[in-house]
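Order-wise, the sequence lines are chains G and Y. Counting in my numbering, the first sequence runs from 24 upward without gaps. Counting in my numbering, the second sequence runs from 21 upward without gaps. Note that beta-carbon positions come from the ideal geometry of N, C-alpha and C, so glycine has one too. Since the model is a prediction, treat every value here as computed from it, not as a measurement.
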Amino acid sequence: MADLRTNFLGVKSPNPFWLASAPPTDRKVNVERAFRAGWGGVVWKTLGEAGPPIVNVSGARYGAIHGPDRRLIALNNIELITDRDLEINLQEIKEVKRAWRDRALIVSLMVPCDEDSWKAILARVEETDCDGVELNFGCPHGMSERGMGSAVGQVPEYVEMVARWCKAHTRMPVIVKLTPNITDIKNPARAAKNGGADAVSLINTINSIMAIDLDSMTPDVAIDGKGTHGGMCGPAVKPIALAMVAEIARDRECAGLPISAIGGITTWRDAAEFIALGAGTAQVCTAAMTYGFKIVEEMISGLSSFMDAKGYARIDDFRGRAVPSITDWQNLNLNFVVKAEIDQDLCIKCGRCHIVCEDTSHQAIFAHVNGKRRFVVNDAECVGCNLCALVCPVEGCITLVHKTAGVDPRTGLDYARPAANWTTHPNNPSVQKAAE
Amino acid sequence: MTIAAHPPGLSDVAPGRLDEASVSVNFADLHPPLARHEAKVEAERCYFCFDAPCQKACPTSIDIPLFIRQIAADNRYGAARTIFDANIMGGMCARVCPTETLCEEACVREAAEGKPVTIGLLQRYATDPAIAAGKSPYARGAPTGRRAAIVGAGPAGLACAHALAIAGIESTIFEAHPKAGGLNEYGIAAYKAIDGFAAKEAAFILSIGGIEVRYGAALGRDVKFDDLRRDYDAVFLGTGLGATNKLGLAREGELENVVDAVDYIARLRQAEDLTKLPVGRRVVVIGGGMTAIDIAVQSKKLGAQNVTIVYRRGADKMKASRFERELAQTSGVVIRTWARPVSLEGHGDALSGVVFEDTHERDGVLASPGSVFRIEADMLFTAIGQRGALDALDGAPIDVKDGRIVVDAERRTSLEGVWAGGDCVLGGEDLTVSAVEDGKQAARSIAAALGVARI
Numbered sequence: 024m025a026d027l028r029t030n031f032l033g034v035k036s037p038n039p040f041w042l043a044s045a046p047p048t049d050r051k052v053n054v055e056r057a058f059r060a061g062w063g064g065v066v067w068k069t070l071g072e073a074g075p076p077i078v079n080v081s082g083a084r085y086g087a088i089h090g091p092d093r094r095l096i097a098l099n100n101i102e103l104i105t106d107r108d109l110e111i112n113l114q115e116i117k118e119v120k121r122a123w124r125d126r127a128l129i130v131s132l133m134v135p136c137d138e139d140s141w142k143a144i145l146a147r148v149e150e151t152d153c154d155g156v157e158l159n160f161g162c163p164h165g166m167s168e169r170g171m172g173s174a175v176g177q178v179p180e181y182v183e184m185v186a187r188w189c190k191a192h193t194r195m196p197v198i199v200k201l202t203p204n205i206t207d208i209k210n211p212a213r214a215a216k217n218g219g220a221d222a223v224s225l226i227n228t229i230n231s232i233m234a235i236d237l238d239s240m241t242p243d244v245a246i247d248g249k250g251t252h253g254g255m256c257g258p259a260v261k262p263i264a265l266a267m268v269a270e271i272a273r274d275r276e277c278a279g280l281p282i283s284a285i286g287g288i289t290t291w292r293d294a295a296e297f298i299a300l301g302a303g304t305a306q307v308c309t310a311a312m313t314y315g316f317k318i319v320e321e322m323i324s325g326l327s328s329f330m331d332a333k334g335y336a337r338i339d340d341f342r343g344r345a346v347p348s349i350t351d352w353q354n355l356n357l358n359f360v361v362k363a364e365i366d367q368d369l370c371i372k373c374g375r376c377h378i379v380c381e382d383t384s385h386q387a388i389f390a391h392v393n394g395k396r397r398f399v400v401n402d403a404e405c406v407g408c409n410l411c412a413l414v415c416p417v418e419g420c421i422t423l424v425h426k427t428a429g430v431d432p433r434t435g436l437d438y439a440r441p442a443a444n445w446t447t448h449p450n451n452p453s454v455q456k457a458a459e
Numbered sequence: 021m022t023i024a025a026h027p028p029g030l031s032d033v034a035p036g037r038l039d040e041a042s043v044s045v046n047f048a049d050l051h052p053p054l055a056r057h058e059a060k061v062e063a064e065r066c067y068f069c070f071d072a073p074c075q076k077a078c079p080t081s082i083d084i085p086l087f088i089r090q091i092a093a094d095n096r097y098g099a100a101r102t103i104f105d106a107n108i109m110g111g112m113c114a115r116v117c118p119t120e121t122l123c124e125e126a127c128v129r130e131a132a133e134g135k136p137v138t139i140g141l142l143q144r145y146a147t148d149p150a151i152a153a154g155k156s157p158y159a160r161g162a163p164t165g166r167r168a169a170i171v172g173a174g175p176a177g178l179a180c181a182h183a184l185a186i187a188g189i190e191s192t193i194f195e196a197h198p199k200a201g202g203l204n205e206y207g208i209a210a211y212k213a214i215d216g217f218a219a220k221e222a223a224f225i226l227s228i229g230g231i232e233v234r235y236g237a238a239l240g241r242d243v244k245f246d247d248l249r250r251d252y253d254a255v256f257l258g259t260g261l262g263a264t265n266k267l268g269l270a271r272e273g274e275l276e277n278v279v280d281a282v283d284y285i286a287r288l289r290q291a292e293d294l295t296k297l298p299v300g301r302r303v304v305v306i307g308g309g310m311t312a313i314d315i316a317v318q319s320k321k322l323g324a325q326n327v328t329i330v331y332r333r334g335a336d337k338m339k340a341s342r343f344e345r346e347l348a349q350t351s352g353v354v355i356r357t358w359a360r361p362v363s364l365e366g367h368g369d370a371l372s373g374v375v376f377e378d379t380h381e382r383d384g385v386l387a388s389p390g391s392v393f394r395i396e397a398d399m400l401f402t403a404i405g406q407r408g409a410l411d412a413l414d415g416a417p418i419d420v421k422d423g424r425i426v427v428d429a430e431r432r433t434s435l436e437g438v439w440a441g442g443d444c445v446l447g448g449e450d451l452t453v454s455a456v457e458d459g460k461q462a463a464r465s466i467a468a469a470l471g472v473a474r475i
């Protein structure tokens, strides 16, 4: 049985599955329910500064995209940080940590961008004996209009500055939560590291309007006839999160910076993928908000089975294993040739591979052979793009086969050629220039 | 459900075997309609195939992938239009088409997993609101001054008339019965088109305008074929089939409770109160087609205790599809194959039993080894096919084969200015959907022949 125990910045948890700072972690009752369900840790919903409580809308605060059969593909929200009294939150955090010593309890924070505000809140949070803090530089709605959340996260200089203040005013580990609503995620990550942050967590939610209601001609959902962009999360954002985590994981300047991954993690596999990209923990929100806390049982069991099957005894045994495989386009082997191949026994003859190739790609799939409906790849046109395999409704029916012997009828070149990439390609202007 | 006991005499044929509530449950919708969510989920199962096999399998070539995608995208009206563009009787076809041998058999999901997209149910989902609204979504074409006579207001005739109306060709339909719809109204099983759907659909089609229906006007009796040819620019024959085949057994015409299934179903379809319709306690049905299944199942639903279909060959030769046969069997009907009737037995004037001989096939010829058996029966339904009804053509020089009118691909008969379609033509499949296609093709041909813009 694989050992799922995690040590992230010295914070230990029985498994890498943490609930992200979000509505599920806003109060003791929820957090204790989560711990009873088996979650390894929790990032407590973002606390603000002392004073009058935050006011949320009383209208709908969540929107969604559904797939067939109402499967939730993505969620968005316009909820602000906790709207409960700071003292109540602090008291509850203290009680929960005392009762659940073996679980990770991180507290998310967002206060105005001045040193005193951060100093003040950190002092109060330290009293709870929680395991660390996460700086919410990510929320793209509401608080950002007040100069907090993503308004900070989008300016690397602010990120570095606040991280530095926090490290100066607390002994607790500091995690900086990044917003994806930025051109290059490496910049705020580097800034966090330069400011002394112990880790980054990402991604926060993505700016989004989920739909327009064509009857009311307002965003869907609207409040009294008006709506605003919210922050999107859920399965749909996972690829974006993977890309951003990968960017940081392979960035030399960020080397060694621990990552807590967030973004559409719904099953053990999603979590394992982020871990393969170097993440130390996997934070989850939408999946819990879709199915309830019990889903962690599947995550624990699935990750454990996977690790057993692969012979990984500990999470660190495969953490970061996929990072070396991620590179720039220019380093891809241009002499590596694949061709699509259709398994005729599995083919159900829907013809989608043919029509998408015909209409939108390379006209490389025949629809008829000897007058009969039969879908066969034309190697003389196939560039191995993978579109046919992706649209095929039958898993495993179309595969990309690596060609190693013979001549590519499309290019007239040998399949077996030494690896070569753009950096040395004769068509590359900089190569030409160097040759001159 | 309780089966009322009717003890008098040996022959037990009586109404009210079941109470009203049971009959009402029995004759409810065979396939309840899909709700919006179900329809959308089912629609998402469609792969939107290239050159879709389902569309090719549809006699009217409905663009099935497109209408299903329209359902998935919440465009129910657009889906209905896609269907009606190809088949104005898409509502009835959704209910009565043997989809398991047409579109759904061709569905790639049938090959993949044995669970085709339920195209028929989706088609019904798409078309129901449009038909309930009662108004054809098509505009009648500007009158061209051309007129067509249509004989028979069945699926072929109605489809032809509707397409002609779009082209601006007025038509007069001569219908022998008091209602339009043909077998939709008088023939198909009641539980396939509940709540007067056939009449609603006919009204929906006729609402386009430019179509006059003369009810109670039978060709040959009330209107002469030659007069139609003289008075109209085109004639379309959609007369359906006429006389039913007989067993050819002694006392067939004399014994009480030996009943033609087609006649009985017509009575059943028009009955206002099914509990008043007499049915036998022990029922035997002879035949292997849809009519045999329909009469057997409906007898059972009316409260018959034992219903046996006897067919002279194997189940694979029955014209009723496997789905229909299974429907009969799950309704409690026993299907006996490889037997044919040799004599009818009576008690007094009434039927008391049927004697069958076993059959087998030798070199494609049906033979009997000589063994016989008897089935007790209070009522015998014959459902062994119908012949063409061509007497009304007054001996016009029109090519006929096997009692059916010969037509070409455009549904032209050998007689100039005369088109035909539906069950009365040779080579048809005796399906509503084929009749609709015939009417549609004939209308195109008529419009072209009359120099009216293509439709």
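If you draw a straight line from the C-alpha of Y:A223 to the C-alpha of Y:L470, how long is it?
Near 27 Å, if we compare the C-alpha coordinates of Y:L470 and Y:A223.
Where does Y:S388 fall in DSSP's three states?
In the three-state scheme derived from DSSP, where H, G and I count as helix and E and B as strand, Y:S388 is classed as coil.
Where Y:E377 falls: helix, strand or coil (DSSP)
When DSSP states are grouped into helix, strand and coil, Y:E377 belongs to the strand group.
DSSP state of Y:L265, grouped into three classes?
A small correction: the amino acid at residue 265 of chain Y is Asn; Leu does not occupy that position in the sequence shown. Coil, per DSSP.
Given 8 Å, three or more beta-carbon pairs between the stretch 370-384 of chain G and the stretch 429-448 of chain G:
Counting Cβ pairs under 8 Å, fewer than three are found: no touch.
From this set, G:D238, G:N393 and G:A215, which residue's C-alpha is nearest G:E276's C-alpha?
Comparing Cα positions, the closest option is G:A215.
Can you list, in chain order, the residues of its chain whose CB lies under 6 Å from that of Y:G188, leaving out five sequence neighbours each side?
Hits under 6 Å: G161, A162, P163 and T164.
Taking Cβ-Cβ distances shorter than 9 Å, what residues in chain G pair up with Y:E64?
By Cβ distance, chain G contributes G90, P91 and D92.
Roughly how many angstroms separate the alpha carbons of G:W445 and G:L423, rounded to a whole number?
Cα to Cα, G:W445 sits roughly 22 Å from G:L423.
Terminal residues of the continuous alpha helix (DSSP H) containing G:K456?
Counted as a single uninterrupted DSSP element, the alpha helix (DSSP H) harbouring G:K456 occupies residues P452 to A458.
Return the CA-CA distance between Y:L203 and Y:E221, expressed in angstroms with no decimal places.
About 13 Å.
With a threshold of 6 Å on Cβ separation, who are the neighbours of G:C415 within its own chain once the five nearest residues in sequence on each side are excluded?
Taking G:C415 as the centre and dropping the five residues before and after it, the same chain places the C-beta of C376 and I421 closer than 6 Å to its C-beta, in chain order.
Are the CB atoms of G:K51 and G:V119 within a distance shorter than 9 Å?
Yes, these two residues count as a Cβ contact at 9 Å.
By the 10 Å Cβ neighbour count, where 16 or more other Cβ atoms means buried, how is G:W352 classified, buried or exposed?
Looking at its Cβ environment, which holds fewer than 16 other Cβ atoms inside 10 Å, G:W352 is exposed.
Same chain, Cβ closer than 6 Å to G:D236, five either side skipped, listed in chain order
If you ignore the 5 residues before and after G:D236, its C-beta comes within less than 6 Å of the C-beta of D243, all in its own chain and listed in chain order.
Whole angstroms are fine: how far does the CA of Y:R356 sit from the CA of Y:F376?
If you take the alpha carbons of Y:F376 and Y:R356, they lie about 11 Å apart.
What are the start and end residues of each continuous alpha helix (DSSP H) run of 4 or more residues lying completely inside the stretch 130-160 of chain Y, in chain order?
At a cut-off of 4 residues, the continuous stretches assigned as alpha helix (DSSP H) that sit fully inside the stretch 130-160 of chain Y are 139-153.
State the beta-bridge partners of Y:C127 as determined by DSSP.
Its beta-bridge partners do not exist; DSSP assigns none.
Beta carbon of G:D274, beta carbon of G:A212: below 9 Å?
Yes; because the gap between Cβ atoms is below 9 Å, this pair is in contact.
Exposed unless 16 or more other CB atoms sit within 10 angstroms - verdict on Y:A159
It is exposed - the Cβ of Y:A159 has fewer than 16 other Cβ atoms within 10 Å.
Can you check the stretch 171-218 of chain Y for any beta strand (DSSP E) of at least 3 residues that lies completely inside it and give the ranges in chain order?
The qualifying runs are 190-195.
Going along chain Y, which residues have a C-beta under 8 Å from G:K249?
Under the 8 Å cutoff, chain Y gives no residues; its nearest Cβ is about 25 Å from G:K249.
For Y:N46, which three-state DSSP category applies?
Helix, per DSSP.
Please say whether Y:V233 and Y:A478 have beta carbons closer to each other than 9 Å?
Here chain Y covers residues 21 to 475 and nothing more, so residue 478 of chain Y does not appear.
Touch check for the stretch 33-45 of chain G and the stretch 356-365 of chain G: three-plus C-beta pairs under 8 Å?
The stretch 33-45 of chain G vs the stretch 356-365 of chain G: no contact.
Just checking: is the beta-carbon of Y:P28 within a distance shorter than 9 Å of some beta-carbon in chain G?
Annotation note: pLDDT 48 at Y:P28 (below 50); position unreliable, coordinate value reported separately. So no, Y:P28 is outside the interface.
Check whether the stretch 360-380 of chain Y touches the stretch 419-429 of chain Y, counting contact only when three or more Cβ pairs, one atom from each stretch, lie closer than 8 Å.
Note that the stretch 360-380 of chain Y does not touch the stretch 419-429 of chain Y; fewer than 3 beta-carbon pairs, one per stretch, sit closer than 8 Å.
Taking the alpha carbon of Y:L491 as the reference point, which residue from Y:V61, Y:V374, Y:A209 and Y:A185 has its own alpha carbon closest?
Nothing in the structure corresponds to residue 491 of chain Y, since chain Y is present only between 21 and 475.
Among Y:I139, Y:P198, Y:P136 and Y:I103, nearest to Y:P157 - alpha-carbon criterion
Out of Y:I139, Y:P198, Y:P136 and Y:I103, Y:I103 has the C-alpha closest to the C-alpha of Y:P157.
Inter-stretch contact at 8 Å, needing at least 3 Cβ pairs: the stretch 51-65 of chain Y / the stretch 35-42 of chain Y:
Contact between the stretch 51-65 of chain Y and the stretch 35-42 of chain Y is not established, with fewer than three Cβ pairs separated by less than 8 Å.
Does the Cβ of Y:K76 have 16 or more other Cβ atoms within 10 Å, making it buried, or fewer, making it exposed?
Around the Cβ of Y:K76, a 10 Å sphere holds fewer than 16 other Cβ atoms; the residue is exposed.
Please go through the same chain and pick out, in chain order, the residues whose beta-carbon is closer than 7 Å to the beta-carbon of Y:I151, but skip the five residues on each side of it.
So the list reads G111, K220, E221 and F224, once near-sequence residues are dropped.
Kindly identify the DSSP beta-bridge partner or partners of G:G155.
Answer by DSSP bridge pairing, in chain order: G:I129.
Leaving aside the five residues before and after Y:P79 along the sequence, list all residues of the same chain whose C-beta is less than 6 Å from its C-beta, in chain order.
Counting only Cβ-Cβ distances below 6 Å, and skipping sequence neighbours, we find V453, S454 and E457.
Return the first residue and the last residue of the alpha helix (DSSP H) that Y:K76 is part of.
For Y:K76, the uninterrupted alpha helix (DSSP H) run begins and ends at P73 to A77, by DSSP.
Cross-strand partners of G:S327 (DSSP beta bridge)
DSSP lists no partner for G:S327.
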